[in-house]
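There are 2 protein chains.
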Amino acid sequence: MNLKQLSELLGLSQTTVSRALNGYPEVNEATRERVLQAVKETGYRPNKAAQRLATGKAGSIGLVMPTAPGHQSDVHFGEFLAGLGEEAVRHDFHFVIMPADPDDEVAALRRLAISGNVDALFVAYMRGHDPRLAMLKSLSMPYVVHGRSFGSEPDYPYLDIDNEGAFYDATRLLLQLGHTRFALMNGPMHLDFAIRRKNGVISALAERGLALDEGCMSHALMTDEQGLLAMEHFLQLPERPTAILCSSTVLALGAIRAVNQAGLRLGEDISLIAHDDVLPLLKPESFSVPLTTTRSSLRAAGVRIAQRLIGTVKQAGPFPDQELWKTELIVRASTGPVPQA
Amino acid sequence: MNLKQLSELLGLSQTTVSRALNGYPEVNEATRERVLQAVKETGYRPNKAAQRLATGKAGSIGLVMPTAPGHQSDVHFGEFLAGLGEEAVRHDFHFVIMPADPDDEVAALRRLAISGNVDALFVAYMRGHDPRLAMLKSLSMPYVVHGRSFGSEPDYPYLDIDNEGAFYDATRLLLQLGHTRFALMNGPMHLDFAIRRKNGVISALAERGLALDEGCMSHALMTDEQGLLAMEHFLQLPERPTAILCSSTVLALGAIRAVNQAGLRLGEDISLIAHDDVLPLLKPESFSVPLTTTRSSLRAAGVRIAQRLIGTVKQAGPFPDQELWKTELIVRASTGPVPQA
DNA sequence: TACATAATTGAAAGCGCTTTGGATGCCACT
DNA sequence: AGTGGCATCCAAAGCGCTTTCAATTATGTA
Chain A
1 MNLKQLSELL GLSQTTVSRA LNGYPEVNEA TRERVLQAVK ETGYRPNKAA
51 QRLATGKAGS IGLVMPTAPG HQSDVHFGEF LAGLGEEAVR HDFHFVIMPA
101 DPDDEVAALR RLAISGNVDA LFVAYMRGHD PRLAMLKSLS MPYVVHGRSF
151 GSEPDYPYLD IDNEGAFYDA TRLLLQLGHT RFALMNGPMH LDFAIRRKNG
201 VISALAERGL ALDEGCMSHA LMTDEQGLLA MEHFLQLPER PTAILCSSTV
251 LALGAIRAVN QAGLRLGEDI SLIAHDDVLP LLKPESFSVP LTTTRSSLRA
301 AGVRIAQRLI GTVKQAGPFP DQELWKTELI VRASTGPVPQ A
Chain B
1 MNLKQLSELL GLSQTTVSRA LNGYPEVNEA TRERVLQAVK ETGYRPNKAA
51 QRLATGKAGS IGLVMPTAPG HQSDVHFGEF LAGLGEEAVR HDFHFVIMPA
101 DPDDEVAALR RLAISGNVDA LFVAYMRGHD PRLAMLKSLS MPYVVHGRSF
151 GSEPDYPYLD IDNEGAFYDA TRLLLQLGHT RFALMNGPMH LDFAIRRKNG
201 VISALAERGL ALDEGCMSHA LMTDEQGLLA MEHFLQLPER PTAILCSSTV
251 LALGAIRAVN QAGLRLGEDI SLIAHDDVLP LLKPESFSVP LTTTRSSLRA
301 AGVRIAQRLI GTVKQAGPFP DQELWKTELI VRASTGPVPQ A
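Chains as they are written, first to last, in the UniProt record's numbering: chain A, 1 to 341; chain B, 1 to 341.
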């Protein structure tokens, strides 16, 4: 069933039926009723590809999903998607997801953009000096970046959390508790949030005349194994750190396993603060020793970005171009005063 | 840059350029080279919407993502998606994800199908007597179901794991260890896998003349909280079960927390077997007491389903319509002989 | 040399929708 | 009666691609 058939059925022109369907004013209310009725009976749905071709819009947000054989799936990605979806469903938008090798993201994003399949783009996993920014700017398609790109002029639409502030505050808390030996368990070095979090730690330490030793910094994928490995490494250092900052509760999961295996007590021998993306699976309060965290909901960010993206496509009012969300610092049992030596 | 412009640039007809691009044989090799060269230089990409409209194919797989405010995101979904993506990226396919309220899945699936945006459908979260099957059959669009629908004629293309066999085997193992008081911590009652797993347990018990008490069965969303609650309930029963079967490592996570909180020892006071979807975040061997599991990789299932779907769309050879994967039973430390009373 | 055959290329007709630029009829108003 | 304005409706022209059908040229054969 297509427009033509439907209009023949009704004895109307395609024009009128189309207008009736799309809420144009120049169609008789009685006629519109008749059309709507027929739609219900026949179950007619406009062909989106045709609509897209004719209008240039198709109610969809495009995004690139990094994937590859052996590339571990990322809970953060799923959680963010849930947020996007929650908002999208309200506006009858859908997503077009282009899976791409992590090394091929720029090209994949470009393919997606010029495929004509999407109205707007969402971009994540930002890096320092991210090459995608220049490409996006040249595209004349709305987009919102999740995160920022360290080293690039912040003149693009983004939503980010204050990573530097979060880790600055967390470090200050640990300093106040008397800790002096710190370690940072971070995400991959090239990612923007990792850079900023590191800076936050470093500047808080610097205020006390402390520095973060190279050996007390790990950059790795945010998996629990990597957390385990990194922590094992830290624990073997001659000057074992007593305060750990951790970029994700996923990393913390492994890190804590290492602490337990070493027979140490979290919150006493070792204090740890992790960043909490509010993943349903990893509630900091559910850890055997509840975790002190810097918190910001990834899902809420997804909802907000979807709002902005969809709003822009629908030309529904202006949105702020840049948003920086503060994180909360929530103290639980994984942090305590520095142990007396 | 579109086909018309490109062909004018080359002094060729759109026909020839189109054929050159799509690998048709009736075009001079020299001409093809010239076209390919021009594509490289101009960065031309065909408009997918137009391609779709003209051919009816667009290289995309559609799926419905259940979501709603407050609806917790599902790690299983993300992991499966990673599998789909891994295969899709090899064939330059993408996904169209339609977010939908969990109560609205049938309608959402239909909308997706007739939107003309997708070539094939993937369907998951199957229920007993699933109403989507009839709809899918009427659709004349390829689809593959992940799971099955208990109570419906199995005459549709599916990939499922042997849920009944898995839980039958797991139960047998526990029986051999002398356990007689069982509890089953299951997924939502209406879901197909939950039905079959329950049946597996019941039939293994029946062979020994045992039955599964109503109070020893929980049906809930597969979250760690629910696991905690269910286990707390089980532990308060007058005849406390000693053997627990658990539909997911996510549930097990909470369940084990409850066991620990009750001061009981896993693998001694309580034996537990969980089904392991091979989620990167929840490795059974990484639990403080490594988990005995029935194992089947969700991601591998995703890869396989994408293969079948894409293969069908591309008309690349016949695929088996029905696949039933056996699970592995892997014994670790969370199971032990029944404690002597 | 003449003619069948194969190799290349093009013109034009869609795919299903939106939208521009009229038509048409009806009314009030002068 | 003549005119302008309004409410409705429609024919047809795209959107950018594929594909059918036909034309043209090159090649081979008798």
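Where a beta carbon is used, it is the ideal one built from N, C-alpha and C, also for glycine.
Entirely enclosed beta strand (DSSP E) segments - the segment 251 to 328 of chain B, minimum 3 residues: Runs of beta strand (DSSP E) with 3 or more residues, each lying fully within the segment 251 to 328 of chain B, are found at 271 to 276, 292 to 295 and 322 to 325, listed in chain order.
C-beta neighbour in chain A for ALA58 of chain B, strict 9 Å: Locating residue 58 of chain B in the second sequence gives position 58, where the first residue counts as 1. Yes, ALA58 of chain B counts as interfacial toward chain A.
Residue environment, GLN37 of chain A, which counts as buried when at least 16 other CB atoms sit within 10 Å: Taking the first sequence and counting its residues from 1, one reaches residue 37 of chain A at position 37. Exposed, since its Cβ has fewer than 16 Cβ neighbours within 10 Å.
Unbroken alpha helix (DSSP H) run spanning ASN199 of chain B, endpoints: As a position in the second sequence, residue 199 of chain B is number 199, starting the count at 1. Counting along the chain, the alpha helix (DSSP H) containing ASN199 of chain B begins and ends at 192 to 207.
Endpoints, the beta strand (DSSP E) within which GLY178 of chain A is located: In the first sequence, residue 178 of chain A corresponds to position 178, counting from 1. Run containing GLY178 of chain A: none; DSSP gives neither H nor E here.
Start-to-end residues for the alpha helix (DSSP H) that takes in GLY78 of chain B: Indexing the second sequence from 1 puts residue 78 of chain B at position 78. Unbroken alpha helix (DSSP H) run through GLY78 of chain B: 75 to 88.
As assigned by DSSP and simplified to three states, the class of residue 412 of chain A: Nothing about residue 412 of chain A can be read from this structure; chain A reaches only from 1 to 341.
7 Å CB neighbourhood of LEU177 of chain B in its chain, flanking five on each side removed: As a working mapping, residue 177 of chain B is identified with position 177 in the second sequence. For LEU177 of chain B, where only same-chain residues beyond five positions count, the Cβ hits under 7 Å are SER271, THR335, GLY336, PRO337 and VAL338.
Burial state of PRO238 of chain B (16 or more Cβ within 10 Å): Mapped onto the second sequence, residue 238 of chain B falls at position 238. Counting Cβ neighbours within 10 Å, PRO238 of chain B comes out exposed, since fewer than 16 surround it.
Status (buried if at least 16 other CB within 10 Å, exposed otherwise) for LYS198 of chain A: Indexing the first sequence from 1 puts residue 198 of chain A at position 198. LYS198 of chain A should be labelled buried.
Unbroken alpha helix (DSSP H) run spanning PHE234 of chain A, endpoints: Translated into the one-based positions of the first sequence, residue 234 of chain A becomes position 234. From DSSP, the alpha helix (DSSP H) with PHE234 of chain A extends over 224 to 236.
Contact with chain A by GLU105 of chain B, beta-carbon distance below 9 Å: Numbered from its first residue, the second sequence carries residue 105 of chain B at position 105. It does not; no Cβ of chain A falls within 9 Å.
Chain-order list of residues whose beta-carbon lies under 6 Å from that of residue 385 of chain A (same chain, five-residue window excluded): Chain A is shown only over 1 to 341; residue 385 of chain A falls outside these bounds and no answer can be derived.
Residues of its chain near ASP192 of chain B, where Cβ-Cβ distance is below 7 Å and the 5 sequence neighbours each way are ignored: Locating residue 192 of chain B in the second sequence gives position 192, where the first residue counts as 1. If we look at ASP192 of chain B and ignore the five residues flanking it on each side, its Cβ neighbours are MET126, ARG127, GLY128, GLY147, ARG148, SER149 and PHE150.
Closest by C-alpha distance to ALA88 of chain A, when choosing among A:LEU112, A:GLY116, A:ALA120 and A:SER115: Within the first sequence, residue 88 of chain A is the residue found at index 88, counting from 1. When A:LEU112, A:GLY116, A:ALA120 and A:SER115 are compared, the shortest CA-CA separation from ALA88 of chain A is found for A:ALA120.
Candidates A:ILE256, A:ALA206 and A:LYS314: closest to ALA230 of chain A by CA position: Counting from 1 along the first sequence, the entry for residue 230 of chain A is found at position 230. Nearest of A:ILE256, A:ALA206 and A:LYS314 to ALA230 of chain A, Cα basis: A:ILE256.
Bounding residues of the alpha helix (DSSP H) (the contiguous stretch that carries VAL27 of chain A): The residue given as residue 27 of chain A occupies position 27 in the first sequence. Following the DSSP letters along the chain, one finds VAL27 of chain A in no alpha helix (DSSP H), marked with neither H nor E.
Helix, strand or coil at PHE167 of chain B [DSSP, three-state]: Residue numbering aside, residue 167 of chain B sits at position 167 when the second sequence is read from its first letter. If DSSP states are grouped into helix, strand and coil, PHE167 of chain B belongs with the helices.
Within-9 Å CB hit, residue 345 of chain A to chain B: Any property of residue 345 of chain A remains undetermined from this structure, which presents chain A solely from 1 to 341.
Nearest to LEU282 of chain B (by Cα), restricted to the options B:ILE273, B:LEU253 and B:ASN2: Within the second sequence, the letter at position 282 stands for residue 282 of chain B. LEU282 of chain B has its Cα closest to that of B:LEU253, out of B:ILE273, B:LEU253 and B:ASN2.
Three-state class that DSSP yields for VAL123 of chain B in the structure shown: The residue given as residue 123 of chain B occupies position 123 in the second sequence. Three-state DSSP puts VAL123 of chain B in a strand.
Span of the beta strand (DSSP E), counted from its first residue to its last, around LEU63 of chain B: Your numbering for residue 63 of chain B matches position 63 in the second sequence. 60 to 66 is the extent of the beta strand (DSSP E) around LEU63 of chain B.
Cβ-based burial, ARG132 of chain B [other Cβ within 10 Å; buried from 16]: Taking the second sequence and counting its residues from 1, the one referred to as residue 132 of chain B is at position 132. With a 10 Å radius around the Cβ and a threshold of 16 neighbouring Cβ atoms, ARG132 of chain B comes out buried.
Reference VAL35 of chain A, options A:GLY302, A:ALA54, A:THR15 and A:GLU285, closest by Cα: Within the first sequence, the letter at position 35 stands for residue 35 of chain A. Per the Cα distances, A:THR15.
C-alpha distance - PRO318 of chain A paired with ARG308 of chain A, whole-angstrom precision: Counted from its first residue, the first sequence places residue 318 of chain A at position 318. Counted from its first residue, the first sequence places residue 308 of chain A at position 308. Answer to the nearest angstrom: the Cα atoms are 9 Å apart.
Top-ranked residue by Cα proximity to VAL250 of chain A, from A:ALA262, A:ALA243 and A:GLN226: Within the first sequence, residue 250 of chain A is the residue found at index 250, counting from 1. If we check each option's Cα against that of VAL250 of chain A, A:GLN226 comes out closest.
Secondary structure of SER152 of chain B, DSSP reduced to three states: Indexing the second sequence from 1 puts residue 152 of chain B at position 152. If DSSP states are grouped into helix, strand and coil, SER152 of chain B belongs with coil.
Residue nearest to SER218 of chain B in terms of C-alpha spacing, selected from B:ARG208, B:ALA183 and B:LEU205: If you number the second sequence from 1, residue 218 of chain B lands on position 218. For SER218 of chain B, the nearest C-alpha among the options comes from B:ALA183.
Coarse secondary structure for PRO339 of chain A, derived from DSSP in three states: Walking along the first sequence from the start, residue 339 of chain A turns up at place 339. PRO339 of chain A: coil per DSSP, three-state reduction.
Cβ of ARG45 of chain B within 9 Å of any chain A Cβ: Position 45 of the second sequence, counted from the start, is the residue given in the question as residue 45 of chain B. With its beta carbon less than 9 Å from one in chain A, ARG45 of chain B belongs to the interface.
contact_flag[the segment 282 to 295 of chain A, the segment 57 to 73 of chain A] where n(CB pairs < 8 Å) is 3 or more: Contact between the segment 282 to 295 of chain A and the segment 57 to 73 of chain A is absent, because fewer than three Cβ pairs lie under 8 Å.
Rounded Cβ spacing between GLU79 of chain B and LEU298 of chain B (contact assumed at less than 8 Å): For the purposes of this step, residue 79 of chain B is identified with residue 79 of the second sequence, where counting begins at 1. For the purposes of this step, residue 298 of chain B is identified with residue 298 of the second sequence, where counting begins at 1. The pair is a contact, with the Cβ atoms about 5 Å apart (cut-off 8 Å).
Residue range of the alpha helix (DSSP H) that includes MET1 of chain A: The residue given as residue 1 of chain A occupies position 1 in the first sequence. Premise fails: MET1 of chain A is in no alpha helix (DSSP H) and is neither H nor E.
Residue-chain proximity (ALA220 of chain A, chain B), Cβ-Cβ < 9 Å: What you label residue 220 of chain A is simply residue 220 of the first sequence in a count that begins at 1. So no, ALA220 of chain A is outside the interface.
Exposure label - ASN28 of chain B; buried when at least 16 CB within 10 Å: As a working note, residue 28 of chain B is residue 28 in the second sequence. Classification of ASN28 of chain B: exposed, given that the 10 Å Cβ count is below 16.
C-beta atoms of PRO280 of chain B and ARG295 of chain B nearer than 9 Å: As a first step, residue 280 of chain B must be located in the second sequence, where it is residue number 280. As a first step, residue 295 of chain B must be located in the second sequence, where it is residue number 295. Taking 9 Å as the Cβ cut-off, PRO280 of chain B and ARG295 of chain B do not qualify as a contacting pair.
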